[in-house]
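For reference, the structure is listed below as structure tokens.
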Amino acid sequence: MVDHLSLFINSVFIGNILLAYFLGMCSFIAVSKNVETATGLGFAVIFVLTVTSPVNWLIYHGLLAPGALAWAGFPDLDLSFLKYITFIAVIAAIVQAVEMIIDRYSPLLYVTLGVFLPLIAVNCAILGTSLFMVERNYTFMESVIFGAGSGTGWMLAIVSMAAIRNKLKYADCPRGLEGFGITMIVAGLMAMTFMMFSGITL
Amino acid sequence: MKWLKRIFDKSEKHFSGSGKLAKAHALFDATKTVFFHPLRRTAFIPFLRDCLDLKRYMTFVLISLVPVTIFGIYNTGYRAGLGSGVELDLLDSFLHGSYYVIPIILVSYVVGLFWEILFAGIRKHKISEGFLVTGLLFPLTLPATIPLWQVALGISFGVIIGKEVFGGTGRNILNPALTARAFVYFSYPVSMSGEIWIPNLGAVDGMSGATPLAVAAQGNQSILAALSDMGFALKNLFWGFVPGSIGETSVFCIVLGMFFLLVTRIANFRIIAGGIAGLIFTAIVFYLFGEDPGSWIKAGPLYHLFAGSFLFGITFMATDPVSAPGTNEARWIFGFLIGFFTVTIRVANPAFVEGTMLAILFMNVFAPLLDHMVVKYKVSKRIPNV
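Residue numbers (the working numbering), protein chains in the order written: chain A, 4 to 205; chain B, 347 to 732.
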């Protein structure tokens, strides 16, 4: 239990998927104009991550990992080179499901998220989390916690970025830096403050 | 004062309209308002609530920094003397201290003002008095032995990336002085690390002195015993006769400044009170549940409060009206979390000895979000218009 808690804190703060690994930057920059939309996308990402990470774990350890197909009579088979394409397919399918659910229950959020909702499928944070999960040899339960933690960290970053950009409406940036330019600078400064946690071992 | 006014009135035509020096109008305006009250009312942010204009507001912060600066100069000289094996008296300590501290402050002001004037000239906004505070706060957070080019680089980063790309004072997200310090801290960790190397003044070798926060007890000794062995008893920490960054050592001088800021209502008491409460709460929690008796886990709230730069940060940095939240509830949470993260970093993060700077910057990032949440909560409590 304590291990799981520290894994969660680790993935939210210390190894923040966005500000420590810089994954999922595109939608972070694009959808952080408004706090409500950012919160909606944040929850969608948390949900997708919490589902895809364990599903991919099952597929990887049940079918793809070296020796996983021993029950079918192929003890030497190593299909792990298929993990990229499989993971992407799983993620795309689950994102489709999420899209339908949001469309059904919150049409307003569906409209505001627009094209970025299907784009969760190619959000590097999602694939990155699954690949980290394989690389770090997490157990099934850990993969659930890790997915949820990464999603929470991503949401924390995008929501605070949205609030900052709300404040930046009053800023008076040099012309070349308006919009995305200043957002990238703010993202850099945020990453610098998140270095506060680097070095903590849990 | 009449002759002074005549000089300004006479030369104004060169600086305005199609005058030869119109590009330097911001500089002219900044100099004039040192002596005379500006005629115009504030036309753009940062707005202030009362009759104080920004210049007087910032001047009050400078006044509150005077005791800290003077003591910092004295202590640097005294430490430098100890480093070379001489116990200097009051005057000599001041002279030696000035030798180290004054160049740092000068470089910070000159380089920072250069950028400030450049941006004000090109972008046609006024030179902000906020820089006078930033330019003094930044050197006070540095160790006295830092190379001057790093001071110049740091203040350039703080002024440009921390403030001017956002459009100048009142629009920035992070505290510019702390942004500058964080930049130097991460870029040149050797000259900023917890070990404050005290330069020797012509003696054979220098002395490297650990700051109180870098102390760890040996063997079965408790942290408190180790601290008092090193000469870091609570009394010394209170008066400030310990090594450390220039401005952070003396709790007494910082509290003087804090009272001045609180009485004049420049600093918001909620942030300071929240911060101290957060620090004490977290220190007690670690004290009760921590196990290692030789580390700062077991130091207890008073030592956590007096050692390091927490009081300096929470008084002069966290209360920066621009980067702190603007609603009262958010200010309490903001302060509390600064205290919480400061102790957490000190205790749990082996990479950093001191956590105040990063805790304040981290909470600066979340200040707009806290404000947003408080406003949302209040709106939801309001009786809806039928």
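Each residue gets a CB set at the ideal place from its N, CA and C atoms; glycine is no exception. Only a predicted model underlies this, so the values are computations on that prediction, with no experimental measurement involved.
- I129/A places its beta carbon 8 Å or farther from that of V15/A.
- Excluding sequence positions up to five before and after I618/B, its CB lies within less than 8 Å of the CB of M604, L608, I660, T661, A664, T665, G681, all in the same chain and listed in chain order.
- Here the C-alpha atom of H360/B lies approximately 32 Å from the C-alpha atom of L180/A.
- Excluding the 5 residues flanking it on each side, V101/A has same chain C-beta neighbours closer than 8 Å at A47, F50, V51, L120, I123, in chain order.
- Neighbours of M199/A across chain B, judged by C-beta separation under 8 Å: F687, I691, N695, F698, G701, L704, A705, L707, F708.
- For I600/B, there are no C-beta contacts with chain A under 8 Å, since the nearest C-beta of that chain is about 23 Å from it.
- For chain A, the residues of the region 514 to 528 of chain B that bring a beta carbon within less than 9 Å of one of its beta carbons are G514, G516, R517, N518, I519, L520, T525, A528, in chain order.
- Taking C-beta atoms as the reference points, P714/B and N169/A count as a pair closer than 8 Å.
- In this structure, the alpha-carbon of L82/A lies about 11 Å from that of G65/A.
- In this structure M199/A is in contact with A705/B, their Cβ atoms being roughly 7 Å apart against a cut-off of 8 Å.
- Apart from the 5 residues on each side of it in sequence, G365/B sits with its Cβ closer than 6 Å to the Cβ of K359 in its chain, given in chain order.
- Residue environment analysis places S568/B among the exposed positions, since fewer than 16 neighbouring C-beta atoms fall within 10 angstroms of its C-beta.
- Our two residues, I519/B and M193/A, have alpha carbons roughly 10 Å apart in a direct line.
- In this chain, the alpha helix (DSSP H) harbouring N582/B covers 580 to 585.
- Using a CB distance cut-off of 8 Å, V725/B does not count as an interface residue toward chain A.
- A residue is called buried once 16 or more other Cβ atoms fall within 10 Å of its Cβ, and G577/B, having fewer, is exposed.
- When Cβ-Cβ separations below 8 Å define contact, I507/B makes contact with chain A.
- In the three-state DSSP reduction, G593/B falls in the coil class, being neither helix nor strand.
- When the Cα atoms are used, R616/B and M709/B turn out to be separated by approximately 15 Å.
- Under a criterion of Cβ atoms nearer than 8 Å, the residues of chain A adjacent to P714/B are, in order, S163, A166, I167, N169, K170.
- At the C-beta level, V5/A and T55/A stay beyond 8 Å of one another.
- A distance below 6 Å between beta-carbons, with the five flanking residues on each side excluded, links T515/B to the following residues of its chain, in chain order: S474, G476.
- Residue contact with chain B for M195/A: present (Cβ-Cβ distance below 8 Å to some residue of chain B).
- Note on geometry: alpha-carbon atoms of T204/A and M28/A lie some 26 Å from one another.
- Taking one beta carbon from each stretch, the region 688 to 704 of chain B and the region 151 to 166 of chain A have fewer than 3 pairs nearer than 8 Å; the two do not touch.
- Non-local beta-carbon contacts of Y633/B in its own chain, meaning distances under 8 Å to residues more than five positions away in sequence, involve I643, K644, A645, G646, P647 in chain order.
- In terms of CA proximity to P413/B, I592/B leads the group I450/B, I592/B, L434/B, T673/B.
- Annotation for K359/B: the continuous alpha helix (DSSP H) segment containing it runs 348 to 361.
- Selection W74/A, L44/A, I97/A, I32/A evaluated against V58/A yields I97/A as nearest (Cα-Cα).
- Between the C-alpha atoms of F503/B and G458/B there is a straight-line separation of about 9 Å.
- Ranked by how close their Cα comes to the Cα of G685/B, the residues S410/B, S641/B, T610/B, I626/B have I626/B in first place.
- H718/B reaches chain A at V38, A166, N169, counting residues in chain order whose Cβ is nearer than 8 Å.
- At least one CB atom of chain A sits nearer than 8 Å to the CB of F512/B.
- Taking the CA atoms as reference points, Y445/B sits about 20 Å from S596/B.
- The region 669 to 680 of chain B makes no contact with the region 484 to 495 of chain B; the number of CB pairs closer than 8 Å stays below 3.
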